[in-house]
Structure formats: structure tokens, C-alpha cells
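There are 2 protein chains.
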Amino acid sequence: MRPAKISESAVRRLSLYLRVLDAFELAGKTTVSSGDLAELGGMTPAQVRKDLSHFGSFGKRGLGYPVSELRERVTEILGLGRRWRVGLVGAGKLGAALFFYDGFRGQGFDVVGVFDNDPGKIGQHWGRLVVEDIESIDRVVRAARIEMGIIVTPVISAQSVADLLIAAGVGAILNFAPTRLRVPPGITLRNVNLEIELESLAFALTHENGA
Amino acid sequence: MRPAKISESAVRRLSLYLRVLDAFELAGKTTVSSGDLAELGGMTPAQVRKDLSHFGSFGKRGLGYPVSELRERVTEILGLGRRWRVGLVGAGKLGAALFFYDGFRGQGFDVVGVFDNDPGKIGQHWGRLVVEDIESIDRVVRAARIEMGIIVTPVISAQSVADLLIAAGVGAILNFAPTRLRVPPGITLRNVNLEIELESLAFALTHENGA
DNA sequence: GTTCGTTTGTGATTGATTTCACAAGGAAAG
DNA sequence: CTTTCCTTGTGAAATCAATCACAAACGAAC
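The listed protein sequences correspond, in order, to chains A and B.
Under this note's numbering, think of the first position of the first sequence as 63, with each following residue one higher.
Under this note's numbering, think of the first position of the second sequence as 63, with each following residue one higher.
Here you go:
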């Protein structure tokens with residue numbers, strides 16, 4: 063039930079299954095086969111079954127998986143059976159876009175702290191929150207029991223912000239700054255690097271056909 | 063020189079090498095070893111050498127790689143020796159954040175078309191551009207010879223926008239809508255799904271220690 | 001010009017992930 | 001109750017990616 067080691071990509075597929083299951087539940091289906099899940103999720107039936115089998119056996123042979131129950135189980139596995147408190151560092155345009163995006167709240171993530179080091183931004187009201195000074199990260203993260211950090215600062219500040227968040231007890235960081243952050247063992251780091259994404263498109267277009 | 067098949071992850075590492083090389087060039091170094099690149103890029107020396115060897119042999123044994131020349135070669139390999147014309151669909155907060163982000167221009171990507179279907183947004187001036195109706199995608203993409211699309215629309219519109227872009231000749235799409243797009247063979251698709259990133263953090267925090 | 005220390009390039013190896021293929025389980029029909 | 005038709009769960013096999021380890025190449029020193 064608590065498996066040895068699940069690959070990063072398998073975990074990401076679980077998130078996809080969850081969305082497909084939502085769609086099936088909305089459509090009123092009560093059971094789905096691994097083939098159904100694979101079809102809409104864009105992978106193979108065998109992979110769906112293998113992924114799910116790491117966490118137990120939820121399906122009935124000959125019939126498939128019960129939509130509602132599987133959705134609950136995957137939600138639980140992903141750690142989405144509760145709400146998460148998130149701190150957002152960087153109150154620029156991208157920070158604002160993320161803050162006001164509803165999708166996070168819908169999935170259980172509440173941004174309960176916003177930070178910047180620009181005196182022009184500190185003190186601004188964002189929804190019910192006030193933008194705090196980066197200097198206050200330690201205090202606010204502890205007071206609000208913030209568990210995850212999102213870094214949307216320029217490259218130059220990213221590492222020091224990460225250090226501050228970690229010192230204050232944050233255990234996981236989502237980094238949008240296009241730089242490699244160093245974090246101690248035990249801290250989970252994921253990077254979203256938009257430049258790399260575009261560059262990978264450029265590579266694909268350049269090499270797809272002798273062009 | 064034109065290798066058979068390069069893994070997606072190897073291409074992404076090339077982007078990282080490019081950034082590390084920039085840093086070394088700025089610092090005035092003329093040569094770097096695979097060890098140096100690995101140190102700052104966060105991978106192993108062997109991997110650096112293997113990645114680079116797919117495209118030729120750029121280094122000198124006993125000495126390392128010439129920074130400036132290697133930077134040029136990697137730039138060329140990634141297809142960044144030219145500028146790319148990009149269309150941005152979705153003029154919401156996230157679209158605006160991406161549009162006004164300087165990093166893309168710096169890497170050779172010019173957003174030369176912005177689209178939305180909200181009458182309140184169509185006609186707005188963004189920098190030198192005017193936000194166009196989604197209905198005009200076909201005309202504008204052809205006229206401006208747009209090569210890549212970035213989709214930052216709600217889920218509901220994402221697939222139809224992708225279809226429009228592809229029909230107009232776009233060969234690569236970067237999709238931010240949290241849904242799976244279907245694209246024909248030959249079209250390159252990359253997804254950035256922020257919900258999945260957060261969920262993978264939640265999974266990590268939930269499973270890291272019996273907590 | 002020989003030796004020494006360094007670093008590349010790469011075949012071989014190991015490791016991880018995906019796919020295959022099939023036995024076993026279950027529902028349904030007669 | 002037996003047969004038929006599906007679909008799961010999972011070892012085995014195949015594919016793909018990362019790491020190892022070492023011969024070959026080069027510069028520097030003397």
C-alpha cells in the first residue's frame with residue numbers, strides 16, 4: 063500500500079487519471095476500464111493498470127474500476143484529501159496570474175501568503191491578503207504554517223528566497239525562475255522553465271525534417 | 063551530426079548547458095570541462111559528454127571544451143541561431159504575464175500575434191500589437207508566418223484553438239490549459255500543467271516520511 | 001622527445017521504465 | 001451450473017536512459 067518507489071512520471075500520470083475520472087464521473091459513468099482511462103489520458107491500458115497496481119488493486123476483473131471509488135483513492139494517494147497552504151514569492155505579473163488563477167483553489171491549494179521585495183508592491187491588497195516584505199518570510203511562513211513555496215522572482219533573488227523558505231520550514235518548492243536552485247536533501251523541488259519549453263519546440267521544428 | 067534520435071530529456075539538458083555556458087563566458091572563462099558543466103548544471107560529467115557527443119565532438123582531450131565555440135554550436139543545435147515567430151492565444155492574466163516577460167525575446171522568441179475571443183479584449187493594444195479575434199487566427203498566422211503557438215485559454219477552448227493553429231500551419235504548440243490536446247503526427251506539443259506540478263509536490267510531502 | 005597529469009569520447013554495463021502476454025477472476029446468459 | 005466474454009493484475013521481456021570505466025588525445029614541463 064505504501065510502495066517502495068514510484069517514479070516521478072508515474073505520479074504525474076496519476077494526476078492525469080484524476081482528471082479523466084472527473085470527466086467520467088461528470089458523464090455519469092460508474093465504471094471505467096483501463097482502456098477507457100488510457101484512451102482519454104493518452105497512454106496505454108497496460109501502463110494504467112501497472113500504475114494503479116502499485117497502490118493496491120482497485121478494479122474488478124471483467125468489469126473495470128469503480129469511477130467514484132477510484133477517484134477517491136487516487137485523490138488520497140496524491141495527498142489531495144486535504145488542503146495545502148502555499149506561499150507565493152514574487153508579486154509581479156506572473157505571480158499575479160498564478161494568484162488569481164482559480165484552478166489551484168479547486169485542487170486544494172490555498173495561497174495564504176504573498177511576498178515581494180519591491181516597496182511599491184509591499185502593502186498592496188491582493189484579495190484578502192496583503193503583500194508582505196520578503197524579510198517577513200520566516201515570520202509569516204511559520205505563523206500561517208505554510209507548507210509549499212512558489213518562486214516567481216527574477217533569477218537573482220531565487221536562491222536566497224528558496225533558502226529563506228526552507229529555513230522557515232517549507233518542504234516543497236515550485237520554481238519558475240530560470241535557474242537551478244540548490245536545496246538540501248529532503249526538500250522537494252520542481253522546476254517550470256518556460257524558456258526550456260520553447261527551446262525544446264525550436265529544436266523539434268529545426269530537426270523534424272531535413273529543413 | 064544529424065543524430066538518429068535524441069531523447070526529450072537530453073534536449074532539455076542542452077538548454078541548461080547553454081545557460082551555464084553563458085555564465086562561464088560572462089565570467090571570462092575560455093574553456094570548460096564536462097565536470098565544470100556538470101557541477102553547475104546539476105548532472106554528471108559522463109552525461110554531459112554523452113549528450114554533447116550525439117552531435118559531434120567539440121572538446122579537446124586533456125583540456126575541455128572551448129566555451130565560446132561550444133555555446134555557438136549548442137545554440138545552433140537547439141535551433142536558436144535565428145528568431146522564431148510565436149502566436150499567443152489567450153489574453154488573460156497568464157497570457158499577459160507571458161507576453162510582457164522579457165526572457166523569451168532574449169532567447170530569440172518574438173510574440174507577433176495575440177488572440178482572444180472576449181470582445182472586451184479584442185482591439186486592446188499590447189505593446190505594438192493589437193489583440194485579434196480568435197476567428198482571425200488563420201489569416202494572421204499566415205500573414206505573420208507564425209511558427210509556434212502558445213495556448214493560455216480555458217480548457218473549454220483549448221482543443222479548438224489548437225486545431226485552428228495547426229490548420230493555419232503552426233508546427234509546434236506549448237499548451238498551458240490543463241487538458242490533453244490531440245494533435246496530428248508531425249506536430250510537436252509540450253504541456254505545462256501547473257496543477258500537476260503542485261499535485262506532485264503534495265504527493266512528495268505526503269509520502270516522504272510516514273507522516 | 002619523453003613523461004605526467006588531465007580530460008574527452010564511447011563501448012559496455014547497469015538501472016529504470018514501458019510494454020507484452022497470459023493466467024486468474026468475475027459477470028451474465030441460458 | 002456451465003460456458004462465454006471481458007478485464008484485471010503481474011511476472012517476463014523489451015526498450016530506453018544513465019552511468020561506468022578506460023583507451024586515446026592533448027598540453028605542459030623538463
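The beta carbon of each residue, even a glycine, is placed where N, CA and C say it ideally should be.
All of these numbers come straight from a predicted model, not from anything done at the bench.
- Annotation for L102 of chain A: V82 place their beta carbon closer than 6 Å to its own, counting only its chain and skipping 5 residues before and after.
- The beta carbons of F177 of chain B and G149 of chain B sit about 7 Å from each other, so the pair counts as a contact at 8 Å.
- Taking the CA atoms as reference points, E70 of chain A sits about 8 Å from S262 of chain B.
- Residue pairing for H187 of chain A: DSSP places it in a beta bridge opposite A:V192.
- Across the stretch 69-83 of chain A, CB contacts with chain B closer than 9 Å involve E70, V73, R74, L76, S77, L78, L80, R81 and V82, in sequence order along the chain.
- Counting only runs that start and end inside the stretch 135-214 of chain A, the beta strand (DSSP E) elements of at least 3 residues fall at 146-151, 171-178 and 210-213.
- Proximity of chain A to I199 of chain B at the Cβ level (cut-off 8 Å) is not reached, the minimal Cβ distance being about 18 Å.
- With fewer than 16 other Cβ atoms inside 10 Å of its own Cβ, A108 of chain B counts as exposed.
- A check of alpha carbon separations from V202 of chain A across A:V214, A:A220 and A:I228 identifies A:I228 as the nearest.
- With contacts defined by Cβ atoms closer than 8 Å, A239 of chain A and T250 of chain A do not form a contacting pair.
- Burial check for D84 of chain A: the Cβ neighbour count within 10 Å stays below 16, so the residue is exposed.
- According to the DSSP assignment, T268 of chain B belongs to the alpha helix (DSSP H) that extends over L256 to H269.
- Residue-level contact by beta carbon holds for E257 of chain B and chain A, with a gap shorter than 8 Å.
- Residues P107 of the same chain have their beta carbon placed closer than 6 Å to that of G97 of chain B, with the five preceding and five following residues left out of the count.
- The C-beta distance from R147 of chain B to I208 of chain B rounds to 5 Å, short enough to fall under 8 Å.
- Taking the beta carbon of A224 of chain B as reference, no residue of chain A falls within 7 Å; the closest one sits roughly 14 Å away.
- Shortest Cα-Cα distance from K112 of chain B to any of B:L125, B:T268, B:E134 and B:V73 involves B:V73.
- A direct Cα-Cα distance of roughly 42 Å separates V110 of chain A from S95 of chain B.
- Under DSSP, T250 of chain B shares a beta bridge with B:A234.
- In the three-state scheme derived from DSSP, where H, G and I count as helix and E and B as strand, K112 of chain A is classed as helix.
- In this structure, the CA atom of A206 of chain B is about 35 Å from the CA atom of E87 of chain B.
- Taking 8 Å as the threshold, the shortest C-beta distance from F86 of chain A to chain B does not fall below it.
- Straight across, the Cα-Cα distance linking K122 of chain B with G90 of chain B is about 19 Å.
- Look at G104 of chain A here: in three-state DSSP terms it is coil, with no helix or strand label.
- Relative to P181 of chain A, the option among A:I199, A:G189 and A:E194 whose CA is nearest is A:E194.
- Taking 8 Å as the CB threshold, Q221 of chain B stays off the interface with chain A.
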